[in-house]
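To start, the structure itself, in structure tokens.
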Amino acid sequence: MKTFTFSEMLDHLLRRDAQSRAARTVEIFGWIMLVESLAILLVPSTVAGWLQLSPLSDQATIYFRIGGLLIGGLGMLYVVSGRLSANGFVFASMIDRPLVPPMMAILWYFNIVPGTLALAFSVLDGSSFLWTLWAWRTDLRASGKTSNR
30 MKTFTFSEML DHLLRRDAQS RAARTVEIFG WIMLVESLAI LLVPSTVAGW LQLSPLSDQA
90 TIYFRIGGLL IGGLGMLYVV SGRLSANGFV FASMIDRPLV PPMMAILWYF NIVPGTLALA
150 FSVLDGSSFL WTLWAWRTDL RASGKTSNR
């Protein structure tokens with residue numbers, strides 16, 4: 030495995046060399062997460078209203094913004110990993126994202142999260158997983174490989 034300098038990695042990040050379709054979907058998903066994060070940080074009450082959450086107290090607004098900050102951190106990981114065509118991260122995201130809908134269903138069932146929030150996470154993560162899986166399989170076909178061992 031070749032180790033790159035910081036400036037080489039930054040150059041790859043800015044130029045987006047030979048990005049696979051699957052990596053592109055991961056990058057776009059990251060940008061979506063960054064937009065969500067900014068919305069939560071800048072207008073938390075509006076986002077809470079869109080998700081049909083109860084009006085936020087001052088303390089709840091602070092915690093909601095902290096959650097938005099965490100979403101932004103994950104979004105940055107997705108953007109950088111997608112731009113660098115980090116296949117390991119792309120694959121890991123295809124293991125993680127399909128787990129979100131059943132986990133959200135469990136959290137909703139036990140009244141831990143409201144249905145609208147569970148549905149929003151489930152639709153976004155579930156559909157983005159299917160998109161990345163489709164792109165991954167398209168990349169495999171284009172390279173002449175099959176998904177069988």
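Going by this note's numbering, the first residue of the sequence shown is number 30, and it counts up by one from there. By construction, the Cβ of each residue, glycine as well, lies at the ideal position given by its N, Cα and C atoms.
- Within 10 angstroms of the beta-carbon of alanine 47 lie fewer than 16 other beta-carbons, which makes it exposed.
- Following the DSSP letters along the chain, one finds isoleucine 141 in no alpha helix (DSSP H), marked with neither H nor E.
- In the assembly as shown, proline 84 is an exposed residue. Its beta-carbon has fewer than 16 other beta-carbons within 10 Å.
- Counting only residues of its own chain and dropping the five nearest sequence neighbours on each side, tryptophan 160 has a CB closer than 6 Å to the CB of Thr54.
- Excluding its 5 nearest sequence neighbours in each direction, threonine 90 has C-beta neighbours in its own chain below 6 Å: Pro73, listed in chain order.
- Isoleucine 135 sits exposed, since fewer than 16 C-beta atoms from the chains shown fall within 10 Å of its C-beta.
- Here the stretch 30-46 makes no contact with the stretch 67-81; the two share fewer than three CB pairs at distances below 8 Å.
- Considering only Met30, Phe33, Ala51, the residue with the shortest C-alpha distance to serine 172 is Ala51.
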